[in-house]
Every structure is written in structure tokens, then in C-alpha cells.
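Each remark here refers to the structure printed beneath this line.
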Amino acid sequence: MTKAKAISLRERIQAHYSALSLVDRKLADVVLAHEKDLLAYSATELAALAGVSKASTARFFKRLGFADFQAFRQHQRNGTPQPSPLHRMAQQGTSASPLQQHLAHDARQLQALADSVTDSSVQQAARLLAGARRVWVVGYRNGYMAAFYAQALLSQLRAEVHLLNEGTGEDAELLAEIQPNDVLLAMDFRRRTRRLSQVVGITCDAGAALVLVSDARVSALAARAQALFICPPQDEPIFDSYVSAISLINYLATATLAQLPKKARARMAAIEQVHAQLADLESPL
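Here the sequence shown stands for residues 0 to 284, where the numbers follow numbering that gives the first Met the number 0.
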């Protein structure tokens with residue numbers, strides 16, 4: 000078994016792929032497409048995403064040479080360091096990355112977003128956000144910045160856009176108000192909190208639709224989403240970059256505006272009129 004641990008998961012699957020059944024190939028395709036995200040998810044969740052049974056998932060990992068699914072998870076753990084900023088700083092040493100390398104990294108993120116997001120998925124999300132009775136936005140830890148930005152933009156276009164995790168301690172009161180014709184816009188980025196999955200579960204169980212912006216395709220949250228956008232982090236820098244998520248949210252707001260041309264413009268004009276009455280904004284030079 001010591002030698003087996005030196006073999007990567009991808010190599011194991013490639014060595015067996017031609018002999019796999021159709022069911023096993025479905026699982027293999029899921030694993031190969033999302034191998035960086037697998038450690039966080041259960042055998043049941045992988046089975047659901049591949050559209051196969053949990054028993055088929057157990058047999059699949061045995062065919063790859065693992066005693067069971069837990070042995071597979073341990074194999075992944077042994078080769079997957081905790082992706083914390085401290086770990087990356089230790090890996091990187093004291094040498095600083097040049098500015099051009101940092102900007103190139105962000106450019107690669109934006110290109111990855113352009114390659115994965117379709118206009119039809121954006122329009123579907125925009126219709127949900129425009130037509131909802133209320134829009135609820137949530138994001139914890141690294142997702143909070145993106146959630147705050149989304150709420151700030153969408154609230155200019157329409158009424159009833161609420162940030163769920165405002166820190167007021169009224170989470171239960173707010174969640175109790177969610178109804179089937181509402182939409183939850185959730186930010187799901189590593190390092191994850193259990194609270195997000197709880198909030199998404201309560202919201203979806205209440206009948207609301209889920210628009211998910213995430214860095215993981217394979218997750219229980221992704222399986223519940225009516226619209227899913229993937230902004231995968233890249234590991235070169237010490238800190239994850241969210242430039243692609245911010246760009247996506249900006250574009251989602253623009254697409255939502257196009258769904259509400261008259262109402263949104265009337266709301267934006269009314270907001271500007273109040274700003275003029277308050278005289279709280281600097282005049283442009």
C-alpha cells in the first residue's frame with residue numbers, strides 16, 4: 000500500500016478507465032473533472048452528482064485499489080495540504096511575487112470564468128433575481144465581500160434585497176420570512192463554514208431558488224442550485240483572488256438591469272434624487 004500512495008488519483012483512474020463500466024465512467028468523469036474539491040464531500044454526494052447509487056460509488060473506489068471510501072479520503076488527505084494563507088506563505092518562502100505575475104494570475108482567473116460561464120446561465124440567473132419577491136444574499140468569511148458587493152448593486156436595481164449575515168443576530172427572524180417565490184444568492188468559497196450549508200438548506204427547503212457562486216463544482220450546495228457559477232481559486236498566490244467573482248457579480252447586476260429596464264431606471268433615478276436632497280456625494284470634477 001505504501002507504493003500505491005505514490006500514485007496520483009488521476010493516474011489510477013487513467014490506468015483503469017478503458018475497462019470501466021458506463022456507471023464507473025460517470026463517476027470517473029466527475030472525479031477527474033473536480034479532483035481538487037473531492038476531499039470535502041461524502042460518497043453519497045459524489046453518487047448524486049454522478050447520477051449513480053452509493054453502492055456503485057463504493058465499488059468504484061475498490062476497483063481503484065482502495066479498501067473503501069474512507070481509505071480513498073485518507074489517500075487524498077495525505078497529498079492535499081490545508082490551503083491556508085500560512086501554508087502558502089511557507090511554501091513560497093520569503094521571495095515576493097512581481098506585480099506582473101500577480102496581474103497575470105488575475106487575468107487567468109478572468110479567462111477561466113469566460114471559458115466556463117455561458118450567456119444562457121447568466122440570463123437564467125438574471126431572470127430569477129429580477130422576478131423574485133425578495134432577494135436574499137449570503138456569504139461568510141471569504142464570501143462576505145462578494146455578498147456585500149452583490150447586495151449593494153442589486154439594491155440599486157430593485158427593492159427587497161437583503162443581506163442575510165449582517166451581524167445583527169437576527170438570522171432566524173430573517174430566515175423565517177423566506178418564501179417559495181424568493182431567491183437566495185449565495186457565495187460559497189473556501190475555507191467554508193458549516194453555517195452556509197445550514198442557511199442554504201433552510202432557504203431551499205422553504206421553496207426559494209438558489210443562485211450559487213462557488214469555487215467547487217462538486218458539492219451538496221451545487222446540486223441544489225438553479226443557477227451555478229464556478230469561480231475556481233488558483234493556488235499561486237498566498238491569498239485567493241476573487242477578481243473573477245467580483246467581475247461576475249458586476250455582470251449579473253447588469254443582466255438583471257436589462258430584465259427590469261423601466262423599474263430599475265426609475266428606482267436608480269429616485270435614489271439619485273434623494274442623494275441630491277441629502278447633498279451627501281461629492282460633485283464630479
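The beta-carbon is built from N, C-alpha and C at its ideal position, and this holds for glycine as well.
Inset, instruction - Can you tell me which of I270, V182 and A113 puts its alpha carbon nearest to the alpha carbon of L247? - result: A113
Legend entry - Contacting residues, own chain, Cβ-Cβ under 8 angstroms from L21 (five flanking each side not counted): none
Inset, instruction - Please state whether DSSP places F60 in a helix, a strand or coil. - result: helix
Legend entry - Per-residue DSSP class, three states only, for A226: strand
Legend entry - Segments of 4+ residues assigned as alpha helix (DSSP H) that fall wholly inside the segment 137-188: 143-156 and 170-174
Legend entry - For Q122 and A129, the rounded distance between their alpha carbons: 10 angstroms
Inset, instruction - Please state if the CB of L227 and the CB of S213 are separated by a distance shorter than 8 angstroms. - result: yes
Legend entry - For Q276 and A215, the rounded distance between their alpha carbons: 45 angstroms
Inset, instruction - Identify which residue in E271, G50 and T43 has its Cα closest to the Cα of K25. - result: G50
Inset, instruction - Spatial neighbours of G142 within its chain, please: CB distance less than 7 angstroms, with the 5 preceding and 5 following residues excluded, ordered by chain position. - result: M186, D187 and F188
Legend entry - Own chain, CB closer than 8 angstroms to L45, minus 5 neighbours either side, in chain order: L26, V29, V30, L37, T56 and V217
Legend entry - Buried or exposed by the 16-neighbour rule on C-beta atoms within 10 Å, applied to F71: buried
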